[in-house]
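Below is one structure, written out as structure tokens; comments come after it.
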Amino acid sequence: MPTNTDNRKENLINPRHNPTLAAVLSIIPGIGQIYNRRFVKGAALFILFAAFFSAMYSFIVSGLQGLVTLGEIPREHDSRVFLSEGILSLIFFAFFAMFYVLNITDAYKDAKRIQLGWKVPNMREGFKNAWDTSFPYLLVTPGLFLLLFVVVFPLLFMIFLAFTNYNLYNAPPRHLLSWVGFDNFIRLFTIAEWRSTFFNVLSWTLVWTFVATTLQIALALFLAVVVNDPRIKFKRLIRTVFILPWAVPAFVTIIIFSALFNDNFGAINLHMIEPLFGTKIPWMTDVTWSRVAIIMIQVWLGFPFVYALFTGVLQSISSDWYEAADMDGANRWQKFRNITFPHVMFATAPLLIMQYSFNFNNFNIIYLFNQGGPAVRGQTAGGTDILISWIYGLTFDNQQYNMAAAISIILGILVASFAFFQFRRTRSFKEEGNI
Amino acid sequence: MNTTSNKRLNKKSKNILELTVSYAIIAIMFVIILYPLLWALGLSLNPGRGLYGASIIPENWSLEHYKWLFFDPRSNYLTWYKNSLIVAVATSFFATFIVCLVAYAFSRYRFKGRKNGLYAFLLLQMFPVLMAMVALYILLSTVNLLDTLIGIIIVYVGGAVPMNAFLVKGYFDTIPRELDESAKIDGAGHFRIFFTIMLPLAKPILAVVALFNFMAPFMDFILPRIVLRSPENYTLALGLFNFVNDQFSNNFTRFAAGAILIALPISLVYLFLQKYLITGLTSGATKG
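From first to last, the protein sequence lines are chains A and B. The UniProt record's numbering puts the first residue of the first sequence at 1, with every later residue one more than the last. The UniProt record's numbering puts the first residue of the second sequence at 1, with every later residue one more than the last.
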């Protein structure tokens, strides 16, 4: 071992150049770089950091303080503004910290390389290198910036809200908000009304996602196999009509359907159910019938896209497979089970999974059909409300912001863990790891 | 002799039976698909305004509702159409451009934070923007963009980044790397490679992304409902939704007329481009 270190020491060309010293000097950004004799870079870094520091210091400090207190004078301080400024400060601070750490590691690495005899590039080369390494960041910056403010900031805001007491009776600017820790989550699971509503809605969300999506895939597969039969004529016409529900904007068709299903003067009750069975079905006012109606509508809306996918795959399956199966005397069902089905599923699995996750958060159909109704006695959610539409209702109708945020977090955790397991298993992400 | 012909007859009749069943299924599906759409079309031609008494084949049909939408001074329909077009064009352009830049960086460069960035995109595309509507509302009101089209455009563009970046990255990954590497050896700069080599090759997926982002503002009504307050700033979806939401049975025929005027162009675009949409989606999603 000692010989080893001796060897390495001998290889050093500039043994007196000290990486640790460079790193320590970088505590004031830029000085470490100047020690490494990269004067322009050091000066630029120093000026940039100084500018950022002087411009943002007071904003960040007061923002973080506000995040802790959420305002002190009722009616004058708006806690929501304090909260959002606090989150912005957190984001800025995170950026600052990241660049600060990068600055120190950069000085350390450069010093290490100088020790090993690396010549500091001249200004031109330095610029070229900087341009090359920073180009991908330049590409990402506009997207990242938007993402931060439109997606990340609101999500953070919502997460923070879940730990406050922001509701109809305690709303800024008249009242100040305060931190309540996990109270909202505890209430969600201990107060009977909340708990039963939550589990009702959750179980219906899961049932809805599973049943609606699976039916829509099954219908699409069935129709694709029927139409793919070589004896069927007018394929183009059939395909065009079958794709129509996908082409017409969903919000239009859902509203049309909600009129068709109307209890009293909808065409379905008036022209189909009543003449046939002599009674009306309460599509809008009975929980079970509403659910049935919504699932049927979603199947109508959702099967065309899957159908189009499947037809594409069916046409690409080589006929050799079927000829070989014919030789072995396989019947139609066996051919379907062992050739068609695996082919189709393998080729479209990721997109089918996306269909499930789409329906899990399919707010439009629930809200446009009958606003999540009918109302259910003793709970804030209607009979067809899924988690996302319940959250919407809690936020915009009942103004229970804190509870809505808490439920959002639970929804987010559910979705994220599902996504995580799913994507870890997909091929493309494994390949990604090897690069 | 007799038995073989019998068998053939059997097979033939079985064949016919099967085909009849298949056609019957297709016919039933035709009825189920076309009935609601034709019903809406018929309704829009009804002279009355209510749902009750309106029929799919009106006895004395009229274009009254269409005329009202275009010419009545109380109608904002044309303004809404204009607003929707502005939002759609701007969203489609900016989203495609920004998504392209991001996807190109993630596909072709290896930089610090790349892997975590990919994970973050995967996670973020799972969260519906709807979950954070309250915060968006407060954010837009603090920067004075509430009740403006610009505010809506910004939110749409930001929300489009994670999902579409993955799609486009998947497509970029399929373009052989040798192409841009040889260009680099020939001395082409980063921007040159991006604009003259990568973008032209990625046209199909760019068309898909542009189209999706063009269509989305026509169909979405939740975000406009939260952000837009004054009727002259409404987009089509929101305005039409308010026709039925305000007094349900009163304006339904008018809604139907307005709805048909947006459903028609959108469905035509989809029907013409369906092939590209599907291939674009499958290639992006299976490889990305």
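We treat Cβ as the ideally placed atom computed from N, Cα and C, and that holds for glycine. Owing to the predicted nature of the structure, the values given are computational and were not obtained by experimental measurement.
Residue i (DSSP reduced to helix, strand or coil)
i	result
ASN76/B	coil
TRP61/B	coil
ASN18/A	coil
THR164/A	strand
ASN242/B	helix
TRP179/A	strand
ASN269/A	helix
ASN46/B	coil
ASN144/B	coil
ASN184/A	helix
SER249/B	In this predicted model, SER249/B has a pLDDT of only 48, less than 50, meaning its place in the structure is not dependable enough to derive any value.
ASN170/A	strand
PRO231/B	helix
MET98/A	helix
PHE272/B	helix
PRO74/A	coil
TYR109/B	coil
ASN264/A	coil
GLN422/A	helix
LYS119/A	coil
PRO282/A	coil
LEU9/B	helix
ARG231/A	coil
LEU202/A	helix
LEU12/A	coil
Short Cβ contact (8 Å threshold) for residue i with residue j
i	j	result
MET131/B	MET158/A	yes
THR311/A	ARG239/A	yes
LEU188/A	MET403/A	yes
residue 296/B	ARG229/B	For chain B, the structure presents residues 1 to 288; residue 296/B sits outside this window and is missing.
THR205/A	ILE365/A	no
VAL180/A	ASN165/A	yes
PHE111/B	TYR137/A	yes
PHE261/A	ILE255/A	no
VAL102/B	GLY143/A	yes
ILE60/A	PHE93/A	yes
MET29/B	PHE222/A	no
When the options are compared against residue i, the one with the closest alpha-carbon
i	options	result
PRO73/B	GLU232/B, GLY113/B, LEU271/B and LEU19/B	GLU232/B
LEU201/B	THR174/B, PHE214/B and PHE221/B	THR174/B
PRO245/A	ALA23/A, TYR307/A, PHE199/A and THR213/A	TYR307/A
ALA375/A	ILE87/A, ALA349/A, LEU88/A and TRP390/A	TRP390/A
PHE305/A	MET327/A, MET354/A and ALA259/A	MET354/A
PRO265/B	PRO29/A, ASP183/A, PRO275/A and VAL248/A	VAL248/A
TYR356/A	ILE409/A, GLN379/A and GLY302/A	GLY302/A
GLY170/B	TYR104/B, ASN242/B and LYS184/B	TYR104/B
ALA216/B	LEU236/B, ILE33/B and ARG110/B	LEU236/B
GLY373/A	ILE317/A, PHE420/A and SER258/A	SER258/A
SER89/A	ASN167/A, GLN65/A and LYS112/A	GLN65/A
PRO29/A	MET98/A, ARG124/A and THR190/A	MET98/A
PHE212/B	PHE71/B, THR96/B and LEU45/B	THR96/B
MET219/B	PHE30/B, LEU240/B and LEU140/B	LEU240/B
HIS17/A	ASP110/A, ILE413/A and GLU323/A	ASP110/A
Spatial distance of residue i from residue j (CA atoms)
i	j	result
ALA43/A	GLN33/A	8 Å
TYR392/A	ASN144/B	23 Å
THR267/B	PHE221/B	Thr is not the amino acid found at residue 267/B; the sequence shown has Ser there. Rounded to whole angstroms, SER267/B to PHE221/B spans 18 Å at the Cα level.
PHE135/A	ASN116/B	18 Å
ILE154/B	TYR35/A	44 Å
VAL211/A	PHE251/A	21 Å
TRP118/A	HIS190/B	26 Å
MET163/B	LEU123/B	10 Å
SER141/B	ASP183/A	29 Å
LEU70/A	ARG377/A	36 Å
ASN83/B	TYR100/A	44 Å
LEU25/A	SER182/B	42 Å
PRO19/A	THR105/A	10 Å
VAL226/A	VAL21/B	10 Å
PHE53/A	ILE31/A	16 Å
PHE127/A	LEU48/A	16 Å
PHE93/B	PRO342/A	39 Å
Exercise for the section: Let me know the beta strand (DSSP E) ranges lying completely inside the segment 177 to 229 of chain B, each 3 residues or longer, listed in chain order. Expected result: none
Handout entry: Residue ranges of each alpha helix (DSSP H) within the segment 296 to 363 of chain A, 4 or longer
Key = 319 to 327, 332 to 335 and 341 to 360
Problem - Segments of 4+ residues assigned as alpha helix (DSSP H) that fall wholly inside the segment 30 to 60 of chain A - result: 31 to 35
Handout entry: 4 or more residues per run - each alpha helix (DSSP H) lying fully within the segment 356 to 413 of chain A
Key = 363 to 370 and 387 to 396
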